[in-house]
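Enquirer: Mind having a look at this structure? Questions to follow.
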Amino acid sequence: MLGGIEAGGTKFICAVADRTDGPLEKCVIPTTSPDETLKAVREFFRGHGVLDALGIASFGPVDIDPSSPQFGEMLKTPKPGWTGVSYLDAFEGLDCPIDLDTDVNGAGLAEWRHGAGQGCRTLAYVTVGTGIGTGVLRDGQSLNGAGHYEMGHIRPVRDGERDPFEGACPFHGDCLEGLASGPAIKARWGMGLNEMADPGPAIELIGGYLAQLALTLTLTHRPDRILFGGGVMKTPGLIDVIREQMESLLAGYVSIPSVRDYIAAPSLGDDAGITGALCLAASVLPGAEAGPRHAGK
C-alpha cells in the first residue's frame, strides 16, 4: 500500500493506492497550523492500515537532500508557523520508508511518466498559484544543487511606469512570485484574473513576467518542453500570451520546437501533484531500484 501527500500552502491532498496509476481513496485537508494539519494527515493514513511507503511532494523551501541532517524539514518559508517543521518527525509513527521532493518536482515527475512530459529527456514544469515554483527533470530525475531550485524568486524586468506595483514577496518585493503569483495578483488588483470584467491588460502583464521565466528556463536548461500548471494558469488566454511573448524575447537566438508544443499545459491537471507523490512512494518500496535520490524512515 502506497501513501502520497501533495503538501500545498492552501491544502494537503492525501491518497492511498496499491500502484501509481491512480489513488484508491483521497482526501483534502486545509493547510492551517502544522499541528492541526499534520494530525489530520496521520489520522487519514492510520485509517487505511499499514503503509509500505510514503511519498511527499511539498511546498517549500524544504530540505530534500537525504544526506542532510535537516532532510524533511521546512526551511524559511513565508507560510506562517511552518518554518522548522519536520515531515520525518511528523510521520515517524507510520513506520515506513519516506521519499520527499518539492510539489513542483513531484508534478513534473507525474507528467514525465504519465502525462504531457512523456518522451521528453529534459522536462521543465512550472506551477503558478499560491507561489511560483519550477522543477527540471532529466531522464525522470529532478535536478537540484545545494537545494531545490527557487526560480520563482528570479528578478524579472519590471517597467515601473507600466507596472508601479512594487511586489508582494516578503523577502524580495518584486521578484517573479511577488509580481505574478495568485496572492500578488490579488494584492495588485484586489481580485483574481478570472474575476476581472476585462482581464486582457492584466493577462498581458502577467504573461510577460512568466514569459521571462520561460526564456530563462530555455537558456539555462534547454528543455524539450515547458509545462505551465497551477491555479493562475487556468485563466483563458494566459498560456497563449506566454508563448507569444517568450518567442519574441528569444528572438530566434536558439531553436525550439513549435512554441505551442514547447510551452504546453499539463495533461494530468489537478491530479499531477498527488500522482507524483505516489510515484515518489513507489521509488522507495522495499526492493525498488534505488535511484540518485534515496530516502529513509
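For reference, each letter of the sequence shown is one residue, going 1316 to 1612 in my numbering. Here a beta-carbon is modelled for each residue, glycine too, at the ideal position from N, C-alpha and C.
Please work out which residues of its chain come closer than 7 Å, Cβ to Cβ, to Tyr1524, disregarding the five sequence neighbours upstream and downstream, and give them in chain order.
Expert: Pro1471, Leu1491, Leu1494, Ala1495
Enquirer: Inspect the CB distances between the segment 1402–1413 and the segment 1421–1433 and report whether three or more fall short of 8 Å.
Expert: Touching, no, given that fewer than three Cβ pairs across the two stretches are closer than 8 Å.
Enquirer: Measuring only between beta-carbons, confirm whether Ile1371 sits less than 8 Å from chain C.
Expert: Among the protein chains of the structure shown there is no chain C, as only one such chain exists.
Enquirer: Considering only residues of the same chain and omitting the five flanking positions on each side of Pro1479, which have a CB-CB separation below 6 Å?
Expert: none
Enquirer: With DSSP as the reference, label Ile1469 as helix, strand or coil.
Expert: coil
Enquirer: For Gln1433, count neighbouring Cβ atoms within 10 angstroms of its own Cβ and tell me buried if that reaches 16, exposed if not.
Expert: exposed
Enquirer: Using the Cβ count rule (16 or more neighbours within 10 Å means buried), how would you classify Ile1328?
Expert: buried
Enquirer: Identify the residues that DSSP records as bridge partners of Thr1449: which are they?
Expert: Answer is Val1441.
Enquirer: What does a CB cutoff of less than 8 Å around Phe1359 pick up in its chain, not counting 5 residues either side in sequence?
Expert: Here the set comprises Cys1329, Cys1342, Ile1344.
Enquirer: Since Lys1341 is in the beta strand (DSSP E), which residue starts that stretch and which ends it?
Expert: 1340–1345
Enquirer: Taking the alpha helix (DSSP H) that Ala1355 falls in, what are its first and last residues?
Expert: 1349–1361
Enquirer: By alpha-carbon positions, which one of Val1400, Gln1385, His1363, Pro1393 ends up nearest to Glu1351?
Expert: Answer by Cα proximity: Val1400.
Enquirer: From the DSSP output, in three-state form, read off Cys1594 for me.
Expert: helix
Enquirer: Can you give me the C-alpha to C-alpha distance between Ala1422 and Gly1507, rounded to a whole angstrom?
Expert: 23 Å
Enquirer: Could you tell me whether the Cβ atoms of Gly1475 and Leu1583 are closer together than 8 Å?
Expert: no
Enquirer: What did DSSP end up calling Thr1535 once you bin it into helix, strand or coil?
Expert: helix
Enquirer: Please return the same chain residues whose Cβ sits closer than 7 Å to the Cβ of Ala1483, not counting the five positions on each side in sequence.
Expert: Gly1493, Pro1498, Ala1499, Ala1502
Enquirer: Rounded to whole angstroms, what's the CA-CA distance from Arg1477 to Leu1565? Just pull it up for me.
Expert: 22 Å
Enquirer: Decide if Gly1408 is buried, meaning its Cβ has at least 16 other Cβ atoms within 10 Å, or exposed.
Expert: exposed
Enquirer: With a threshold of 8 Å, are at least 3 pairs of Cβ atoms found where one atom belongs to the segment 1534–1545 and the other to the segment 1437–1450?
Expert: yes
Enquirer: How many Å lie between Tyr1568 and Pro1538 at the Cα?
Expert: 15 Å
Enquirer: For Gly1375, which residues in the same chain have their Cβ closer than 6 Å to its Cβ, ignoring the five residues on either side in sequence?
Expert: Within the same chain, Gly1375 has close Cβ partners Thr1417.
Enquirer: DSSP on Cys1329, reduced to helix/strand/coil?
Expert: strand
Enquirer: Taking C-beta to C-beta, are Ala1526 and Ile1571 nearer than 8 Å?
Expert: no
Enquirer: Do you know how far the Cα of Gly1450 is from the Cα of Ala1580?
Expert: 15 Å
Enquirer: Just the Cα atoms here: how many angstroms apart are Glu1388 and Gly1462?
Expert: 12 Å
Enquirer: By alpha-carbon positions, which one of Ala1332, Thr1346, Leu1553, Leu1369 ends up nearest to Gly1324?
Expert: Thr1346
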